[in-house]
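Participant: Chains as they are written, first to last, in our numbering: chain A, -18 to 388; chain B, 64 to 502. Idealized CB from N, CA, C, for every residue including glycine. Source: prediction; values computed, not measured.
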């Protein structure tokens, strides 16, 4: 295929060609970044929390009138919940992952440290918590009943023992031997001994950037029963019995004592949906915009090329009469589009990287992989070829006899 | 002439339905996408208390000092967004502003008097009496509690219209009682619909959602040890218990002052600096005074109410509009050049360039208007989509107002005219002789 005649024809249609190239460039710039953000947000919303989320639900329980014996009331409730048919285990905690509400503190390696070694989010629970949430203990041991103390929301105390996530343990003790070592938490001067490591347990917050993202798996469990007017009961059921147990749990708790508010009983899978709603929403919106963008650009190419074809009907007829095959006409328009789209794609790759760099500096975004922009470039070239196909085929089917007629 | 050109425009658009539909669709889709995000963006950045936002000030005092590992917000000015209880109480006692209120959010169990109903949780705000006058809260029944009630730590409440519907079927409930966490409180007022967006006075949690269901005097809330909903940030460990928290440097109290003019604001700034100096002199602060007051607009900017995600969406949608306009421009160019002969004939019959220009411009205007109608429909659809896709907090912002409709029409028409300028100019340069000669 000769490129020179195409170029000289294009010179008579400069503006149209520039418009298509520009469209392709901006499309590529948005497409790469849009799909990149979309993929990030979807990945975010699928991060494992460490809990086995199926067959697990949470009860938001609040006592009315500040009763003095909350500790024993909680134990009564938990015993009743564990006795319900279909329940595997139940535990009391101050918060659980993905509620976006919790407690975070610095963690130190010596008692008089100026700047904390890391930030951790703490959960309070007894020996039932790990099993109820379905956490995987990978080193050390679980808490023992004798270690568990009561703790209210304004009590300032330091635990004697603690369980860490593997991520936090590795951060504090890169040699991988955290069990048995001591850390200093909650500003205390007293050492806290690490007794166990769980594989994963995400912090309560699910934000996409800043410390929430950075310290995502820096959680600890402290051996306390959280005793406050309000706390969460986590309940693990046998497979497939979640809905039935949710009904019976509410009924049973109200039978024990009506003097409470059960604000909600929520499967943990719903907690995840709520926590990542905006992230998934953003992903869907970006997907829709990207699809619309591709459609608009595609149809734009169809429209403009169709016009070019109709403008050149006579020239096409003359070429056909002089012996050009249908394939040659088809290739002419395809090559023309490829040239324009390539110019657009080159600018577009630069634009995509530029937009990404700007977002890196202003929105704490990660860097875009250049390979993806190249994939995107190939995709818009294919889009151009696809869009030009129909008008080009119409051009190829013009009869050579056109040359003999006036326009 | 205008009517004639409009008629010509419609006839010309009908002649090439495919190109026309593509142009209108491109503009409509672009406008729909950009206006959907712009509508929400405008709501996020709107003035929540018009006419008064320059007189209301959030108060900040640095009570942590430079040695603290950084403010909770991580801002370089070392200021926290909230005050400690100690500072809030000192400012309330000094009482230098026209109106001022310390406040915090809580939540409590409400037990309805009807035994058939389950107890439920209500959102509580604990301010001083000035809150209501300062923020111009409208009352349906009754009135705010008075400063005597603040001083007496009275067991009184103000409830919202919605809660009044739920508990008292909308009747005037002033004088009736409400049971909160086992204690009876007397209703003194019912407030009418009042929902400043953003919820500027407390941006801790959902920034665009409705506020409290019920209001309790700050002094009473502290006596009852009503738990704190929102953020509590501490520089160091406090003593155990509620008293320990009250005497700590933990920050969790929002504080607002009404300062009606620049002189009052300057006085208040001086007062705050003096206060911090006194705290330094008394040995509580070991650093020079660092205080600030910010009016509502400055506060919203400082607290960065618009999420990054949304800024990105606005950028994406406007880039999309740009692509759509490039697209429409290309199609308009094609259309104009396709009509070179018609234009040539008109020119030969005596129409001047101005007439051709006007005709083409009106044709773009007609396309712009059609695009605006489609864009408006798509904006409505887009906002509906956002409502179903995003959290309640943002769904509150998806309402189209008249100004938005105006922006849609203005943006669509002006953008289309702009995109149509080059094709229009090209049309006026067509040489009549060439077009006539060809045949």
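What number of angstroms, rounded off, separates the C-alpha of residue 133 of chain B from the C-alpha of residue 141 of chain B?
Facilitator: In this prediction, residue 133 of chain B has a pLDDT of 49, which is less than 50 and means its spatial position is unreliable; nothing more can be read from the coordinates.
Participant: Would you mind telling me which residues of chain A sit closer than 7 Å to residue 423 of chain B, beta carbon to beta carbon, in chain order?
Facilitator: The contacting residues do not exist; residue 423 of chain B stays about 15 Å from chain A at best.
Participant: Would you list, in chain order, the members of the region 171 to 188 of chain B that have their beta-carbon closer than 7 Å to a beta-carbon of chain A?
Facilitator: Listed by position, the residues of the region 171 to 188 of chain B near chain A (Cβ gap below 7 Å) are 172, 174, 182, 183, 184.
Participant: Look at residue 348 of chain B and residue 128 of chain B and say whether their C-beta atoms are less than 8 Å apart.
Facilitator: yes
Participant: Roughly how many angstroms lie between the CA atoms of residue 123 of chain B and residue 372 of chain B, to the nearest whole one?
Facilitator: 28 Å
Participant: Tell me whether residue 367 of chain B sits in a helix, a strand or coil according to DSSP, three-state version.
Facilitator: Here residue 367 of chain B sits in coil by DSSP.
Participant: Taking 8 Å as the CB-CB limit, is residue 38 of chain A close to chain B?
Facilitator: no
Participant: Near residue 297 of chain A, what residues of its chain come up, given a Cβ to Cβ distance below 8 Å and the 5 sequence neighbours on each side ignored?
Facilitator: 290, 310, 376, 379, 383
Participant: Would you grab the beta carbon distance between residue 365 of chain A and residue 318 of chain A for me? Rounded to a whole angstrom, and I think it's under 8 Å.
Facilitator: 5 Å
Participant: Spatial neighbours of residue 380 of chain B within its chain, please: CB distance less than 6 Å, with the 5 preceding and 5 following residues excluded, ordered by chain position.
Facilitator: In chain order, 96, 97, 100 place their CB closer than 6 Å to the CB of residue 380 of chain B, counting only its own chain and leaving out the 5 sequence neighbours on each side.
Participant: For residue 350 of chain A, count the other beta carbons within 10 Å of its own beta carbon; 16 or more makes it buried, fewer makes it exposed. Which is it?
Facilitator: Label assigned to residue 350 of chain A: exposed.
Participant: Give a yes or no on whether the minimum CB-CB distance between residue 134 of chain B and chain A is below 8 Å.
Facilitator: Model confidence at residue 134 of chain B stands at a pLDDT of 47, short of 50, so the residue's coordinates are unreliable; what they give is reported in the following sentence. Taking 8 Å as the threshold, the shortest C-beta distance from residue 134 of chain B to chain A does not fall below it.
Participant: Thinking residue 135 of chain A and residue 71 of chain A are a contact (beta carbons under 8 Å), I'd like their distance in whole angstroms, please.
Facilitator: Contact flag wrong, Cβ pair sits at about 26 Å.
Participant: Alpha carbon to alpha carbon, how far is residue 187 of chain A from residue 36 of chain A? Give it in angstroms, no decimals.
Facilitator: 21 Å
Participant: According to the neighbour-count rule (16 or more other Cβ atoms, all chains shown, within 10 Å of its Cβ), is residue 270 of chain B buried or exposed?
Facilitator: buried
Participant: Give every residue of the same chain whose Cβ lies closer than 7 Å to the Cβ of residue 150 of chain B, excluding the five residues on either side of it in the sequence, and list them in chain order.
Facilitator: 124, 126
Participant: So, for residue 209 of chain A: in the same chain, excluding its five sequence neighbours on each side, which residues have a beta-carbon less than 8 Å away from its beta-carbon?
Facilitator: 51, 75, 133, 134
Participant: State the Cα-Cα distance for the pair residue 199 of chain A and residue 245 of chain A, rounded to the nearest angstrom.
Facilitator: 27 Å
Participant: Could you pull out every unbroken alpha helix (DSSP H) segment of at least 4 residues lying fully inside the region 374 to 431 of chain B, listed in chain order?
Facilitator: 403 to 411
Participant: Any beta-carbon of chain A closer than 8 Å to the one on residue 214 of chain B?
Facilitator: So no, residue 214 of chain B is outside the interface.
Participant: With a threshold of 8 Å between beta carbons, is residue 420 of chain B in contact with chain A?
Facilitator: no
Participant: For the region 144 to 168 of chain A, which residues have a CB atom closer than 9 Å to at least one CB atom of chain B, in sequence order?
Facilitator: 167, 168
Participant: Which stretch, first to last residue, makes up the alpha helix (DSSP H) that contains residue 306 of chain B?
Facilitator: Where residue 306 of chain B is concerned, the enclosing alpha helix (DSSP H) stretches over 304 to 309.
Participant: Taking the runs of the beta strand (DSSP E) that are 3 residues or longer, which of them lie wholly in the region 256 to 324 of chain B?
Facilitator: Those beta strand (DSSP E) runs which fall completely within the region 256 to 324 of chain B and span 3+ residues are 314 to 321.
Participant: Whole angstroms is fine: what's the gap from residue 462 of chain B's alpha carbon to residue 271 of chain A's?
Facilitator: 24 Å
Participant: Please determine, among B:352, B:173, B:448, the residue with the shortest C-alpha to C-alpha distance to residue 230 of chain B.
Facilitator: B:173
Participant: If you draw a straight line from the alpha carbon of residue 128 of chain A to that of residue 107 of chain A, how long is it in whole angstroms?
Facilitator: 8 Å
Participant: Select from A:288, A:304, A:333, A:302 the residue whose C-alpha is nearest the C-alpha of residue 314 of chain A.
Facilitator: A:288
Participant: Please report how far the alpha carbon of residue 277 of chain B lies from the alpha carbon of residue 3 of chain A, in whole angstroms.
Facilitator: In a straight line, the C-alpha of residue 277 of chain B is about 56 Å away from that of residue 3 of chain A.
Participant: In the region 381 to 406 of chain B, which residues sit with their C-beta less than 8 Å from some C-beta in chain A, listed in chain order?
Facilitator: 382, 383, 385, 386, 387, 389, 390, 392, 393, 394, 396, 397, 398, 400, 401
Participant: Chain D partners of residue 308 of chain B, CB-CB under 9 Å?
Facilitator: Of the protein chains in this structure, namely A and B, none is chain D.
Participant: With a threshold of 6 Å on Cβ separation, who are the neighbours of residue 318 of chain B within its own chain once the five nearest residues in sequence on each side are excluded?
Facilitator: 122, 146, 151, 165
Participant: Roughly how many whole angstroms lie between the Cα atoms of residue 76 of chain B and residue 321 of chain A?
Facilitator: Distance between the alpha carbons of residue 76 of chain B and residue 321 of chain A: 28 Å.
Participant: If distances are taken between C-alpha atoms only, which option among B:292, B:238, B:495 comes closest to residue 266 of chain B?
Facilitator: B:292
Participant: Closest Cβ-Cβ distance between residue 273 of chain A and chain B: below 8 Å?
Facilitator: yes
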